[in-house]
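Have a look at the structure below before the remarks.
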Amino acid sequence: MPSKSYGIDEARDYEIQRERIELGRCIGEGQFGDVHQGIYMSPENPALAVAIKTCKNCTSDSVREKFLQEALTMRQFDHPHIVKLIGVITENPVWIIMELCTLGELRSFLQIRKFSLDLASLILYAYQLSTALAYLESKRFVHRDIAARNVLVSSNDCVKLGDFGLSRYMEDSTYYKASKGKLPIKWMAPESINFRRFTSASDVWMFEQVLCNLQVS
1 MPSKSYGIDE
11 ARDYEIQRER
21 IELGRCIGEG
31 QFGDVHQGIY
41 MSPENPALAV
51 AIKTCKNCTS
61 DSVREKFLQE
71 ALTMRQFDHP
81 HIVKLIGVIT
91 ENPVWIIMEL
101 CTLGELRSFL
111 QIRKFSLDLA
121 SLILYAYQLS
131 TALAYLESKR
141 FVHRDIAARN
151 VLVSSNDCVK
161 LGDFGLSRYM
171 EDSTYYKASK
181 GKLPIKWMAP
191 ESINFRRFTS
201 ASDVWMFEQV
211 LCNLQVS
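Each residue of the sequence shown is one higher than the last, beginning at 1 in the UniProt record's numbering.
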């Protein structure tokens, strides 16, 4: 059964040698640092385009553990519409290496191209994301940060759910209660705002806000 907290030693099971990573341009910013595009030169496979999350201030084990928790959550998932973990580098500078969705965030993808989603695409993307949410529920995880910025476009007909930094395992309860920390209030369900309770149902609420946002974008 998954644990709700992880250690650096567990992350080392997914260690990648730094010399196999070619760090490219910055493509975004995360909670802990910049996100870069890069190339992973795997010993078994051809060069693979990846996204690399960096940590600017991982000078203590406690900060490193918080940063690497996202990777150790992602390692438990295998779904076509959830961004995949490739590996980690646990020594400073600490990196999380993951699948690259080349077309970026969905909202930016639409804004740059100056078009809105047609009904067929909206239905397709909604279906794909709903299967990702159903999968997370089957694994007893809540995402807690479903927002347009965390829906990534892999191709014109494929979107994926990313950014699992706030995700939590629900253990034996039907909900996860957050005791502290910053939360995405704009997208949150009423019970999450009022009582800091998160469930699969509150994830669905956030998902509905994303769909409404896309319809008017």
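Note that beta-carbon positions come from the ideal geometry of N, C-alpha and C, so glycine has one too.
Item: Arg214 vs Leu110 beta-carbon contact at 9 Å; Value: Strictly speaking, residue 214 in this sequence is Leu, with Arg absent from that position. Closer than 9 Å, so yes.
Item: Own chain partners of Leu106 with C-beta closer than 8 Å, once the 5 adjacent residues on each side are dropped; Value: Tyr125, Ala148, Val151, Leu152, Val153, Val159, Leu214
Item: Other residues of its chain near Val35: CB distance less than 8 Å, five sequence neighbours each side excluded; Value: Cys26, Ile27, Gly28, Glu29, Ala51, Ile52, Lys53, Thr54
Item: Limits of the unbroken alpha helix (DSSP H) element including Ile123; Value: 119-138
Item: Thr102, buried or exposed, once every other Cβ within 10 Å from all chains shown has been counted against 16; Value: exposed
Item: C-alpha distance - Phe141 paired with Leu129, whole-angstrom precision; Value: 15 Å
Item: Reference Gln31, options Phe77, Cys212, Met74, Cys58, closest by Cα; Value: Cys58
Item: Integer-rounded CB distance, given that Gln17 should sit under 8 Å from Leu100; Value: That belief does not hold up - the Cβ atoms of Leu100 and Gln17 are roughly 19 Å apart, past 8 Å.
Item: Sheet register partners of Ile39 (DSSP bridge); Value: Glu22, Ala49
Item: CB contact flag (Thr90, Arg144, <9 Å); Value: no
Item: Start-to-end residues for the beta strand (DSSP E) that takes in Glu99; Value: 95-99
Item: Cα-Cα separation, Leu23 to Gly33; Value: 14 Å
Item: Buried or exposed (CB count within 10 angstroms, at least 16 for buried), Ser138; Value: exposed
Item: Contact test: Ser202 Cβ vs the ligand MG heavy atom, cutoff 8 Å; Value: Of the ligands one can find in the structure shown there are none, so the ligand MG has no counterpart to examine.
Item: C-alpha gap between Arg20 and Tyr40, whole angstroms; Value: 6 Å
Item: Collapsed DSSP secondary structure at Met1 in the structure displayed; Value: With a pLDDT of only 41 at Met1, under 50, the local geometry of the prediction cannot be trusted, and the value read off the model is given with reservation. Here Met1 sits in coil by DSSP.
Item: Cβ neighbours of Asp157 in the same chain (closer than 7 Å, five flanking residues each side left out); Value: Leu124
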